[in-house]
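2 protein chains.
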Amino acid sequence: MFDLSAYLLDRKSRVDEVLVHILQGPAASDRVKEAMLYCMTAGGKRLRPILCLAAIDALAGDSQADSALRVACALEMIHTYSLIHDDLPAMDNDQMRRGRKTCHIAYDEATAILVGDALLTLAFQVLAEMGPQADIQASTLVEIIRTLSLAAGSRGMIAGQMLDIASEGARLSLETLEKVYRLKTGALIEASIQAGAILAKASDDQLNRLLTFARNIGLAFQISDDILNIKGDPSVTGKSTGTDALRQKSTYPSLVGIEKAKDKAKDLVDQALQALSGFDKRSDPLREIANFIIDRKR
Amino acid sequence: MFDLSAYLLDRKSRVDEVLVHILQGPAASDRVKEAMLYCMTAGGKRLRPILCLAAIDALAGDSQADSALRVACALEMIHTYSLIHDDLPAMDNDQMRRGRKTCHIAYDEATAILVGDALLTLAFQVLAEMGPQADIQASTLVEIIRTLSLAAGSRGMIAGQMLDIASEGARLSLETLEKVYRLKTGALIEASIQAGAILAKASDDQLNRLLTFARNIGLAFQISDDILNIKGDPSVTGKSTGTDALRQKSTYPSLVGIEKAKDKAKDLVDQALQALSGFDKRSDPLREIANFIIDRKR
Chain G
1 MFDLSAYLLD RKSRVDEVLV HILQGPAASD RVKEAMLYCM TAGGKRLRPI
51 LCLAAIDALA GDSQADSALR VACALEMIHT YSLIHDDLPA MDNDQMRRGR
101 KTCHIAYDEA TAILVGDALL TLAFQVLAEM GPQADIQAST LVEIIRTLSL
151 AAGSRGMIAG QMLDIASEGA RLSLETLEKV YRLKTGALIE ASIQAGAILA
201 KASDDQLNRL LTFARNIGLA FQISDDILNI KGDPSVTGKS TGTDALRQKS
251 TYPSLVGIEK AKDKAKDLVD QALQALSGFD KRSDPLREIA NFIIDRKR
Chain F
1 MFDLSAYLLD RKSRVDEVLV HILQGPAASD RVKEAMLYCM TAGGKRLRPI
51 LCLAAIDALA GDSQADSALR VACALEMIHT YSLIHDDLPA MDNDQMRRGR
101 KTCHIAYDEA TAILVGDALL TLAFQVLAEM GPQADIQAST LVEIIRTLSL
151 AAGSRGMIAG QMLDIASEGA RLSLETLEKV YRLKTGALIE ASIQAGAILA
201 KASDDQLNRL LTFARNIGLA FQISDDILNI KGDPSVTGKS TGTDALRQKS
251 TYPSLVGIEK AKDKAKDLVD QALQALSGFD KRSDPLREIA NFIIDRKR
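See below:
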């Protein structure tokens, strides 16, 4: 029987070890280095890195290779940079994140802007620095850099955040809300799975199935986040509760009600699992992560 | 006789054409796209792209190749992103840039943060998207991405900006000031020349000479910027004058006086030219750009 907790703990600790090793390298600014470490070691779930590694596992690739762990770290750096910038006063103005003061509260706004910039840049550096000595071809690296930059950029995550801010206070249609979610959260979750698939040399059919899986769990994840913002326990989630309602943000539960939102998330996870029907038991980690996404408390 | 104005105009128009083509591609957020175009078409000197292309010319490479122009565009995107973020209220709080309202004034702070993020990400995307069809090997691309990310990151440009902000109001030693300049401005100028050298397959000796050239003009450029901040004509520079003094910033002229600062800049350009002594007349563009840096009005 597959033990999800053990799997998550193992993968998280592997990723964290490489992350901290990278961040503790030589620095030209002690303040930037310290703030980067502060933000990156605040105890996130490491969902995106783990999805990348689980996709590699599903394809019988080597999820413990240095290249795999570095790609996983790059994903977490991009995710964390986006949180730091989204938390800024000019954006979502959040004070708490992952159970700690947000970066601009713990340091200051200028530092938070620069630390976000630094983590985004470092993500690409970590990939490019693997260079010739690594267990990965340059053309594969370029494809992964392309995948991550597309997901993170103005046709992905950044567009999602812009639309999200622009629609504060407005009642969105379900269609528009799903577009925002697909861009803001979905794009990087899909890229995490896609990067794993590229590393493990997935066939076109396997890649398509994995992307269908990713698209469905991406939306389910965001819906469950909406529900946690209403019913979550801040001491467990590490984030304030009720902030969406306070900002009059359209969310899945605000548009269709909590019960229908839960049903939708469950449907999405079912569809995600269906996309994996051709995969053997090595895709159990992906399956269990999909189930976990709607059962989680944080 | 080499015509610098014609050279600068020609290279700038080639770069601008590719830049606008890239930025006018499909967008997921009209606002981000519009603001990116606003910031990127405000009429900068395109110094970094032109230095990259001039380095290629000096090495008898193909500075008109699509790959060269895309690398040049990536450099300008990184430079422009850094200006947008540096101009933010939490950082330098500048209202005017390149003769226009800065991004956060023309749009708003959230948009300016996201547009900076988007341009930084796009720089790497533009490089990675060249992919297999282009006139460039994947391993060369990875080396260029590595060079740019190192220069832009927390051991380069970002550390420079952090130190610059942290030292506002303090009287720096000349040594510390030079460190700030080397990181804040020098790193990306060096990377521009280095990227050109990588594209044109420079020998180690050629690369070292070009990097010496770059290091010297990088510092000369920043000193001349300090002088323009005192004696420049805002209608020509497109920036406010006297802002350094207002912020009590240590600058080269504030520490040693204007005349000694001018002498220093001239010395640096002489040393830069000396580093090119082994190059033939194809390096005339680099030579003339070096002279132009201390004679410029903007």
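Going down the list, the protein sequences come from chains G and F. So for the first sequence, this note's numbering puts the first residue at 1; every next one is plus one. So for the second sequence, this note's numbering puts the first residue at 1; every next one is plus one. For every residue, glycine included, the Cβ atom is placed at its ideal position computed from N, Cα and C.
Rounded to whole angstroms, the Cβ separation of G/C103 and G/A90 is 14 Å, and the two are not in contact under 8 Å.
As the crow flies, the alpha-carbon of F/G196 is around 8 Å from that of F/L51. Sequence-ordered contacts of the region 63-78 of chain G with chain F are nonexistent [C-beta pairs closer than 7 Å]. For F/G238, the closest alpha carbon among the candidates F/N229, F/A245 and F/L246 is that of F/N229.
Note on geometry: alpha-carbon atoms of F/L286 and F/L127 lie some 24 Å from one another. G/K33 carries a helical assignment under DSSP once its states are collapsed to helix, strand and coil.
In summary, the residues of the region 33-52 of chain G whose CB is separated from some CB of chain F by less than 8 Å are K33 and M36, in the order they occur in the chain. Inclusion of G/K266 and G/I294 in the CB contact set at 9 Å is warranted, their separation being smaller than that value.
Between the alpha carbons of F/E109 and F/I198 lies a distance of about 37 Å. Listed in chain order, the non-local C-beta contacts of G/D226 below 6 Å within the same chain comprise T251, Y252 and P253, local neighbours out to five positions each way being set aside.
Under the DSSP assignment, F/F279 falls outside any alpha helix (DSSP H); it carries neither an H nor an E label.
Chain G places a beta carbon closer than 9 Å to that of F/A28, counting this residue as a contact. Using a CB distance cut-off of 9 Å, G/T121 counts as an interface residue toward chain F.
F/V32 and G/L150 have their C-alpha atoms some 15 Å from each other. With fewer than 16 other Cβ atoms from the protein chains shown falling within 10 Å of its own Cβ, F/R171 counts as exposed. For a cut-off of 8 Å, the C-beta gap from G/I145 to F/I145 is around 6 Å, short enough to register as a contact. Closest by C-alpha distance to G/I193, out of G/R48, G/S240, G/A60 and G/T41, is G/R48. Setting aside the 5 residues that flank it on each side, F/G99 is surrounded in the same chain by G238, each with a C-beta closer than 6 Å to its C-beta; the list follows chain order.
F/L88 reaches chain G at I113, counting residues in chain order whose Cβ is nearer than 7 Å.
Taking the CA atoms as reference points, G/A68 sits about 7 Å from G/D62. Taken through DSSP and simplified to helix, strand or coil, G/K297 comes out as coil.
Within the region 148-179 of chain F, those residues whose Cβ lies closer than 9 Å to any Cβ of chain G are, in chain order, L148, S149, L150, A152, G153, S154, R155, G156, M157, I158, A159, G160, Q161, M162, L163, I165, A166 and K179. Interface annotation, F/Y81: in contact with chain G, CB-CB separation under 9 Å. Contacts with chain F at 9 Å (Cβ-Cβ) include G/D117.
Scanning its chain for C-beta atoms nearer than 7 Å, with the 5 sequence neighbours on each side dropped, one finds around F/P234 the residues S240 and T241, in chain order. Chain order gives no chain G residues near F/Q24, where near means a beta carbon separation below 8 Å; the closest approach is about 12 Å. Residue nearest to G/L119 within the set F/R155, F/D164, F/I22 and F/Q95 is F/R155 (criterion: CA-CA distance). If one requires a minimum length of 3 residues, no beta strand (DSSP E) run lies completely within the region 203-232 of chain G.
Close to G/E109, with beta-carbon spacing below 7 Å, are these residues of chain F in chain order: A90.
Residue state for F/K101 is assigned as strand, using DSSP reduced to three classes. The beta carbon of G/V142 sits closer than 9 Å to some beta carbon of chain F.
For F/E143, the enclosing alpha helix (DSSP H) begins and ends at A138 to A152.
Within chain F, the residues Q137, A138, S139, L141 and V142 have their CB atoms less than 8 Å from the CB of G/A138, given in chain order. Interface with chain F (9 Å Cβ-Cβ cutoff): G/R247 is excluded.
Counting along the chain, G/P253 sits inside the alpha helix (DSSP H) bounded by residues Y252 to V256. At a Cβ-Cβ threshold of 9 Å, G/L276 and G/A58 count as neighbours.
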